[in-house]
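In what follows, a structure is listed as C-alpha cells, so that the remarks can point back to it.
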Amino acid sequence: MKLLTMTEAAHFLRMSRSSLYQRKDIPRYRRPGSRVMLFDQYELETWMKQGRMVMEDQPVSPITAVDVASATEKGAVDISAPHVYHRSTRYR
C-alpha cells in the first residue's frame with residue numbers, strides 16, 4: 006500500500022490539484038484531526054480502470070444535421086446565427 010500526497014496523486018492522475026480536491030468520486034483517506042489527504046496508488050489505478058471501462062462501453066454517436074434541427078425545434082439556441090449580441094460596442 007503506497008500512499009500518495011495530493012501533489013503526487015495529481016501528477017499520477019494527470020489532473021490539477023484543485024480538480025482532484027473537487028472530485029468526490031476519487032478514493033481518498035484523511036488522518037483523524039488532520040487536513041492532509043492521502044491516496045492509495047492501487048485504489049487510484051483501480052478507479053482509473055473502472056472509469057475507462059465505463060467510457061468504452063457507452064457508444065458515441067456523431068451529431069447529425071437532423072439532431073441539430075430537432076434541437077432547435079425544442080427551443081435550443083441556434084449558434085449558427087450570423088449576428089451575436091454583445092453588450093459592449095467594442096465587440097460589434
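The sequence shown begins at 6 in our numbering and counts up one residue at a time.
For each residue, glycine too, the CB sits at the ideal point set by N, CA and C.
Taking only three categories from DSSP, how would you classify M42? strand
Pull up the distance between the alpha-carbon of T51 and that of E13, whole angstroms please. Distance from the CA atom of T51 to the CA atom of E13, rounded to whole angstroms, is 17 Å.
What are the start and end residues of the alpha helix (DSSP H) that includes T12? M11 to L18
Own chain residues within Cβ distance below 8 Å of L9, not counting five before or after: F17, L43, F44, D45, Q46 and L49
Can you tell me which of the three DSSP states R22 falls into? helix
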